[in-house]
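Okay, so here's the structure we're looking at.
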Amino acid sequence: MSPRRQLVLPLVCLGIVHLAVLLAGFIAPYNYAEQDRNLPFAPPSRIHFFDIQGKFHFRPFVYERTEEEDQFRVYQELTARQFPLQFFSRGSDSKFAGTVATNLHLFGVKLPARISLMGTDSYGRDVFSRLVYGGRISLLAGLLATALSLLGGTTLGALSGFYGGWLDAVIMRLAELFLALPWLYLLFAVRAFLPLHITPADAFLMIIAVIGFVGWAKPARLVRGVVLSARERGYVVAGRGFGASDFYLLQRHIFPQVSSVILAQAALLIPQYILAEVTLSFLGLGVGEPVPSWGSILGSLQQYHVLVSCWWMFFPGVVLIPVFFSYSQLSQALQERFV
Amino acid sequence: MNAPLRQSLSQFIRRSWLPACVVGFSLLLQFAAAANSSSSGEQLLVTSGATGHYGGHLVVSLRSEPKTLNPVTSIDVSSREVIAQLTADLIHIDRASQKVVPSLAQSWTVSPDGKRYTMQLRRGIHFSDGVVFDADDVLFSFKVYLDDKSNSPQRDLLTVGGKPITLKKDGPYEVTFELSQPYASAERLFDSVAILPRHLLEKSFQENKLAQTWTLTTPPDQIAGLGPFRLRQYLPGRQMVLERNPYYWKIDRAGNRLPYLNDVTFLFVGNEDTEVMRFEGGETDVLNRMGADNYAVLEHEHKQDVQLHDLGPSLEYNFLLFNLNSQIPSASKELSHRQEWFREVKFRQAVSAAIDRDSMARIVYHGRATTIYTHVTPGNQLWLDSAVAHPARSVDHARELLRSAGFSWRSDGTLLDHSGTAVEFSILTGASNSQRTQMATMIQQDLQEVGIRVQVIPLEFHAVLDRIFESHDYEAAVMGLGTGDIDPNAQMNVWLSTGEDHLWNLGGKGPSTPWEAEIDQLMKEQVSAVQFAQRKKLYDRVQEIEAEELPIICLVTPNLLVGAKVGIGNFKPVVLDPHTLWNSDELFLVGDQRQAKR
Chain A
0 MSPRRQLVLP LVCLGIVHLA VLLAGFIAPY NYAEQDRNLP FAPPSRIHFF DIQGKFHFRP
60 FVYERTEEED QFRVYQELTA RQFPLQFFSR GSDSKFAGTV ATNLHLFGVK LPARISLMGT
120 DSYGRDVFSR LVYGGRISLL AGLLATALSL LGGTTLGALS GFYGGWLDAV IMRLAELFLA
180 LPWLYLLFAV RAFLPLHITP ADAFLMIIAV IGFVGWAKPA RLVRGVVLSA RERGYVVAGR
240 GFGASDFYLL QRHIFPQVSS VILAQAALLI PQYILAEVTL SFLGLGVGEP VPSWGSILGS
300 LQQYHVLVSC WWMFFPGVVL IPVFFSYSQL SQALQERFV
Chain B
0 MNAPLRQSLS QFIRRSWLPA CVVGFSLLLQ FAAAANSSSS GEQLLVTSGA TGHYGGHLVV
60 SLRSEPKTLN PVTSIDVSSR EVIAQLTADL IHIDRASQKV VPSLAQSWTV SPDGKRYTMQ
120 LRRGIHFSDG VVFDADDVLF SFKVYLDDKS NSPQRDLLTV GGKPITLKKD GPYEVTFELS
180 QPYASAERLF DSVAILPRHL LEKSFQENKL AQTWTLTTPP DQIAGLGPFR LRQYLPGRQM
240 VLERNPYYWK IDRAGNRLPY LNDVTFLFVG NEDTEVMRFE GGETDVLNRM GADNYAVLEH
300 EHKQDVQLHD LGPSLEYNFL LFNLNSQIPS ASKELSHRQE WFREVKFRQA VSAAIDRDSM
360 ARIVYHGRAT TIYTHVTPGN QLWLDSAVAH PARSVDHARE LLRSAGFSWR SDGTLLDHSG
420 TAVEFSILTG ASNSQRTQMA TMIQQDLQEV GIRVQVIPLE FHAVLDRIFE SHDYEAAVMG
480 LGTGDIDPNA QMNVWLSTGE DHLWNLGGKG PSTPWEAEID QLMKEQVSAV QFAQRKKLYD
540 RVQEIEAEEL PIICLVTPNL LVGAKVGIGN FKPVVLDPHT LWNSDELFLV GDQRQAKR
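If you read the protein sequences in the order shown, they are chains A and B. Just so we're aligned: 294 in numbering that gives the first Met the number 0 is position 295 of the first sequence, and the numbers increase by one with no gaps anywhere. Just so we're aligned: 567 in numbering that gives the first Met the number 0 is position 568 of the second sequence, and the numbers increase by one with no gaps anywhere.
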């Protein structure tokens with residue numbers, strides 16, 4: 000496969016995931032915090048084409064479900080009434096692409112029936128909706144933290160490689176120090192020190208800041224290496240001879256060399272940082288309830304009874320697989336393309 | 000852990016062993032009559048359970064490793080659970096009938112003024128190392144417990160009306176205890192106060208080294224007690240094995256000396272989920288207590304060799320606690336402002352009315368829980384005030400209450416106080432307790448309906464305790480308290496405004512509201528009232544004040560759920576602690592179990 004075609008598949012895959020997450024309010028049939036206390040830990044809804052008489056319906060439908068008497072978490076379908084699946088239905092209020100208020104949803108069913116493609120959690124909240132909304136936190140955390148650490152890493156790495164000398168020595172020793180830091184424990188410590196009154200948004204930004212702050216060292220070392228070799232190239236030396244300023248040289252001749260390394264590095268770092276956020280939320284140190292993140296949805300699997308009887312709670316973990324795989328393909332393709 | 004917190008914890012644990020309730024004197028006499036003098040001159044106690052067979056062993060899990068085997072210093076639950084198997088008390092609370100029964104004291108009389116208790120001790124019985132027991136051991140034990148330097152949690156328990164109990168020896172098998180004032184059902188105080196062997200511990204007590212004796216590393220032959228079992232082996236981090244005490248002082252109806260089991264092994268497993276997995280895997284025989292989730296998993300499996308028991312409401316009460324502390328060392332302006340809402344009784348009533356307790360019982364505990372409106376749960380039928388109302392959830396009523404207290408709503412539905420500040424607060428829960436976190440998250444959703452924004456903050460459990468007991472730096476918390484006994488005396492530490500666990504306003508500065516003063520008065524009166532009817536009336540009033548003023552907003556009480564392998568004879572789990580091993584001396588293995596164990 001040509002490098003270009005190698006790039007297409009992961010990019011398309013990531014594009015779809017990110018678009019879905021961006022349009023969470025539209026794609027998710029329910030709000031992430033909406034509880035239906037009559038449906039705790041209900042398995043995914045069954046979507047029917049045939050009714051109990053065996054008659055085929057062109058428009059798929061679901062039945063309302065109720066908990067069987069005296070049997071908790073065992074649900075039966077009330078087949079008396081069918082609830083056809085409606086596309087572009089009106090439901091609970093949400094924000095389209097995070098900005099425009101709307102109550103339009105990609106699909107839904109009329110109340111009292113509910114459609115839960117991936118089952119419900121302990122409060123009867125729709126896991127599919129939470130997964131889509133949760134992707135905002137998890138994916139955005141990866142992107143922002145990567146941007147932050149690359150910004151720091153590139154700046155410090157370029158300075159270090161370009162000027163060398165004592166500056167280089169100081170920055171690189173510092174980088175080694177940061178590389179040796181056990182970041183997970185650092186995150187625990189920082190989270191424990193935070194004040195109690197931290198809103199989910201603040202907690203989210205804090206997590207990004209910490210992950211990004213700790214992560215600058217690795218890209219810095221890479222960038223330094225590239226800059227170090229680039230500044231000895233003939234055209235750079237020539238440019239310097241013609242009296243070009245440091246800034247001009249960096250911007251015009253050196254950064255184009257570095258950009259490929261940064262891109263490949265980004266494709267490597269993003270999944271790492273997504274995983275970092277998922278881990279923190281899994282352990283209950285991420286954004287607080289009721290705001291979902293993939294990690295916090297997975298977190299309920301720490302309870303034995305969920306682990307053994309609610310397989311649908313694994314969905315966020317399943318979604319992570321194509322995301323990580325795409326990023327890994329992307330980083331490989333980028334490396335091959337540029338090197 | 001810092002000292003005061005440790006103390007508070009010890010309070011919890013100690014109180015859970017503290018006695019209570021009305022005395023069945025007729026029962027006493029009946030038991031006393033059953034006492035049997037064997038040929039060797041031993042006055043043995045004849046039990047009423049089914050006659051079993053000797054042999055076999057039982058494996059039980061403990062969630063944490065015991066810290067010590069010393070009854071004088073132990074405060075943690077695991078240590079106390081093991082020590083209960085190794086030792087015996089003078090008067091015991093029968094866990095099934097919840098009444099007091101003779102133990103090492105085979106009978107006792109109370110003076111007419113209710114202050115003097117004269118006990119006749121069992122004659123000719125032996126400690127597990129074969130040394131004879133007599134009144135000197137009792138004298139020595141109480142000297143140790145009441146000694147200031149021992150730092151024993153039992154000391155507070157044995158202090159009545161500000162003065163420690165005094166005792167004197169009337170003869171080799173008779174002792175008299177004297178209280179400074181009449182104390183309702185004082186017999187219950189003696190439950191679980193282990194009698195120590197003077198011959199083994201007197202030296203270290205005199206040398207002031209008692210706290211360092213009977214640690215986990217002490218060789219088994221230096222530890223002896225009057226319990227059904229004695230220590231055989233301790234493997235750090237893994238297990239503790241107890242073996243049958245051949246000198247035990249109880250016999251069955253056929254005259255066989257108890258206990259039947261050869262040994263009992265305590266496995267240290269860490270947490271409830273591991274406990275359940277080990278039980279499922281057949282590694283343990285008894286599951287002392289489990290959550291409704293795990294109960295459902297086991298129920299679902301329908302295993303032939305497992306018996307599951309739902310014993311109905313337990314004595315544990317879960318509640319929402321508001322920070323009403325009047326003295327907070329480093330209170331922020333924000334917290335002080337929020338406390339103004341919390342102190343408004345209509346605000347608390349509105350919160351209570353807005354909470355959907357039924358859903359909590361259904362979702363968090365799979366229906367294996369009961370909604371409660373005071374701290375006395377339906378598990379405590381004797382003291383429950385049935386007159387306390389059980390209002391259904393009503394968001395409208397909550398709004399009405401808030402409106403009449405001067406709150407209003409912004410156009411987007413947010414609740415505002417009289418100064419126009421949006422009403423919001425945070426709820427702490429212990430992160431490891433998924434049930435309480437779940438309850439807090441449900442409260443979050445419920446209160447959103449009346450326009451209150453709530454944040455749920457799961458923290459490590461010790462951090463929660465530290466904030467509640469030490470720094471008082473919190474707004475609200477979802478907590479649970481258990482109690483080992485049904486008697487109101489077991490609740491003194493919580494309900495007296497000077498009590499160490501007076502959670503909502505700690506510091507022991509006395510009552511800060513008229514109703515707290517009234518509760519103080521009522522609780523003190525019930526301690527010295529001797530008639531049950533009188534005490535019940537006083538305690539009912541306490542519950543009514545609680546339901547009205549809501550210092551804590553009680554939510555639900557989980558059912559007590561236990562599991563065991565089938566084929567354990569005399570297995571009768573109960574609501575009182577310890578739920579399963581309280582009659583370990585009578586347990587035996589039947590049929591297949593016995594075969595398998597060989």
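Every residue gets a Cβ at the ideal spot worked out from N, C-alpha and C, and that includes glycine.
Assigned secondary structure, residue i (DSSP; H/G/I helix, E/B strand, else coil)
i: A/Q75; result: strand
i: B/S37; result: Residue placement at B/S37 cannot be trusted, given a pLDDT of 49 that sits under 50; the coordinates are not used to answer.
i: B/L195; result: coil
i: B/L188; result: helix
i: B/T373; result: coil
i: A/A27; result: coil
i: A/L103; result: strand
i: B/P163; result: strand
i: A/F40; result: coil
i: B/V422; result: coil
i: A/E231; result: coil
i: B/W382; result: coil
i: A/A146; result: helix
i: A/R220; result: helix
Residue span of the beta strand (DSSP E) that contains residue i, given as start and end
i: A/A208; result: Note, A/A208: premise wrong, no beta strand (DSSP E); alpha helix (DSSP H) at P199 to V213.
i: B/I456; result: R452 to L458
i: B/G603; result: Residue 603 of chain B lies beyond the range of chain B shown here (0 to 597); nothing can be said about it.
i: A/R58; result: F55 to E66
i: B/T117; result: R115 to L120
i: B/W107; result: A104 to V109
i: B/F228; result: F228 to L234
DSSP bridge partner residues for residue i (one or two, in chain order)
i: B/R256; result: B/I250
i: A/G294; result: In the DSSP output, where bridge partners are listed per residue, A/G294 has none listed.
i: B/L57; result: B/V263
i: B/K208; result: B/K208 pairs with nothing; no bridge assigned.
i: A/D125; result: A/T119
i: A/F86; result: A/F106
i: B/K168; result: B/V174
Span of the alpha helix (DSSP H), counted from its first residue to its last, around residue i
i: A/E276; result: F254 to F281
i: B/M239; result: Run containing B/M239: none in the alpha helix (DSSP H); it sits in the beta strand (DSSP E), Q238 to R243.
i: B/Y144; result: A134 to L145
i: B/P101; result: From DSSP, B/P101 is part of no alpha helix (DSSP H) but of the beta strand (DSSP E) over V99 to P101.
i: B/I82; result: V76 to L85
i: B/Q525; result: P513 to S527
Check whether the segment 371 to 380 of chain B and the segment 445 to 457 of chain B are in contact - that is, three or more C-beta pairs closer than 8 Å. The segment 371 to 380 of chain B, when compared against the segment 445 to 457 of chain B, does not touch it at the 8 Å Cβ threshold.
Does the segment 73 to 93 of chain B come close enough to the segment 302 to 310 of chain B that 3 or more CB-CB pairs lie under 8 Å? With the cut-off at 8 Å, the segment 302 to 310 of chain B and the segment 73 to 93 of chain B do not touch.
Determine, using beta-carbon pairs with one atom in the segment 268 to 279 of chain A and one in the segment 316 to 324 of chain A, whether at least three such pairs fall under 8 Å. Result yes; three or more Cβ-Cβ pairs closer than 8 Å.
Counting beta carbon pairs with one atom in the segment 279 to 295 of chain A and one in the segment 177 to 193 of chain A, are three or more of them shorter than 8 Å? They touch, by the three-pair rule.
Can we say the segment 157 to 166 of chain A touches the segment 59 to 77 of chain A, given the rule of at least three CB pairs closer than 8 Å? Contact between the segment 157 to 166 of chain A and the segment 59 to 77 of chain A is absent: fewer than three C-beta pairs spanning the two stretches fall below 8 Å.
Would you list, in sequence order, the uninterrupted beta strand (DSSP E) runs of no fewer than 3 residues that lie entirely inside the segment 290 to 368 of chain B? Runs found: 305 to 312 and 316 to 321.
Taking three-plus beta-carbon pairs below 8 Å as touching, is the segment 190 to 203 of chain B in contact with the segment 44 to 53 of chain B? Flag = no, the segment 190 to 203 of chain B and the segment 44 to 53 of chain B do not touch.
List, from N- to C-terminal side, the beta strand (DSSP E) runs of 3 residues or more that fit wholly inside the segment 463 to 508 of chain B. Runs found: 475 to 480.
Any 3 or more C-beta pairs closer than 8 Å across the segment 344 to 357 of chain B and the segment 424 to 433 of chain B: Segment contact: the segment 344 to 357 of chain B against the segment 424 to 433 of chain B, fewer than three CB-CB distances shorter than 8 Å; contact not assigned.
Validate contact between the segment 258 to 269 of chain B and the segment 130 to 138 of chain B using beta carbons, cut 8 Å, 3 pairs: With the cut-off at 8 Å, the segment 258 to 269 of chain B and the segment 130 to 138 of chain B do not touch.
Does the segment 282 to 300 of chain B come into contact with the segment 557 to 565 of chain B, if we say contact requires no fewer than three beta-carbon pairs (one atom in each stretch) closer than 8 Å? Proximity of the segment 282 to 300 of chain B to the segment 557 to 565 of chain B meets the contact definition, three or more beta-carbon pairs being nearer than 8 Å.
contact_flag[the segment 199 to 212 of chain A, the segment 221 to 230 of chain A] where n(CB pairs < 8 Å) is 3 or more: Contact between the segment 199 to 212 of chain A and the segment 221 to 230 of chain A is absent, because fewer than three Cβ pairs lie under 8 Å.
So does the segment 95 to 110 of chain B actually touch the segment 159 to 170 of chain B, counting three or more Cβ pairs closer than 8 Å? Not touching, per the Cβ criterion.
The segment 498 to 511 of chain B contacting the segment 318 to 334 of chain B, beta-carbon criterion three pairs below 8 Å: These segments touch.
Would you check if there are 3 or more beta carbon pairs closer than 8 Å linking the segment 113 to 132 of chain A to the segment 2 to 13 of chain A? Cβ pair count under 8 Å is below three, so no.
Measuring CB atoms only, is the segment 164 to 176 of chain B touching the segment 205 to 225 of chain B, in the sense that at least three cross pairs come out at less than 8 Å? Of all C-beta pairs linking the segment 164 to 176 of chain B to the segment 205 to 225 of chain B, fewer than three are shorter than 8 Å, placing the two stretches out of contact.
How do the segment 299 to 309 of chain A and the segment 292 to 299 of chain B stand: do at least 3 beta-carbon pairs fall below 8 Å, yes or no? Yes: the two stretches touch, three or more of their Cβ pairs being nearer than 8 Å.
Taking 8 Å as the cut-off, does the segment 148 to 156 of chain B touch the segment 202 to 211 of chain B (at least 3 CB pairs, one atom from each stretch)? The segment 202 to 211 of chain B vs the segment 148 to 156 of chain B: in contact.
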